[in-house]
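In this note's numbering, the protein residues as written are 5 to 187. We put the CB at the ideal spot given by N, CA and C, even for glycine.
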């Protein structure tokens, strides 16, 4: 089934009192993995990610009846996820990069990036993204990992498309610099 068809089915099931639970179960099954990784790329820790994900699903449960369908359901969910993640960061202020999880050989400067295996390159990219400022990190993740268009990112994060493009451009530059410095 196409994603837009699944979204329509979720809304139909959820708005019917007899199938509301079934609709929400489909909603959770459809979005839990992508939302988990969207949050995890920012918060790093599994427990923190699960806490935010639970808050996202609670907000969605409470608000899905009022979803006006002027945007895609996924855009609405990403916006809630973005807001909940930012709110958690503001509340907890413990965003730290844990580079002791990165193997020593990846941190050394004497290896060329093409000599690394896929896992090492993924870890380097993940570390580079984690080092970005929050706004750039979010824009990069939505554009690069979620393949969203700038107008979709704008409806999730707010701000102008020009600023989003600039944030993405700066994020890419910083990631390239990080990868060059760590090869």
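Residue nearest to residue 26 within the set 44, 13, 37 is 13 (criterion: CA-CA distance). Leaving aside the five residues that flank residue 157 on each side, the residues in its chain whose CB is nearer than 7 angstroms to its CB run, in chain order, 143, 146, 147, 168. With a contact defined as Cβ atoms closer than 8 angstroms, residue 11 and residue 76 qualify at about 6 angstroms.
Fewer than three beta-carbon pairs drawn from the region 129-136 and the region 50-59 are found closer than 8 angstroms, and the two stretches are therefore not classed as touching. For residue 19, the CB contacts under 7 angstroms within the same chain, skipping 5 residues up- and downstream, are 69 in chain order. Per the coordinates, the alpha-carbon of residue 94 lies some 16 angstroms from the alpha-carbon of residue 140. By the criterion of a C-beta distance shorter than 7 angstroms, residue 40 is surrounded in its chain by 53, 57, once the five residues flanking it on both sides are discounted. Rounded to the nearest angstrom, the gap between the Cα atoms of residue 23 and residue 17 is 5 angstroms. Taking 8 angstroms as the cut-off, the Cβ atoms of residue 73 and residue 15 count as close. The criterion of a C-beta distance shorter than 8 angstroms is satisfied by residue 89 and residue 46.
Around the beta carbon of residue 86, a 10 Å sphere encloses 16 or more other beta carbons of the protein chains shown; the residue is thus reported as buried. For residue 182, the uninterrupted alpha helix (DSSP H) run begins and ends at 165-185, by DSSP. Residue 185 and residue 174 have their C-alpha atoms spaced approximately 16 angstroms apart.
Cβ contact annotation for residue 30 (same chain, cutoff 6 angstroms, sequence separation greater than five): 14, in chain order. The three-state reading of DSSP puts residue 8 in helix, counting H, G and I together. Non-local C-beta neighbours of residue 83 in its own chain, meaning closer than 6 angstroms and more than five positions away in sequence, comprise 160, ordered along the chain.
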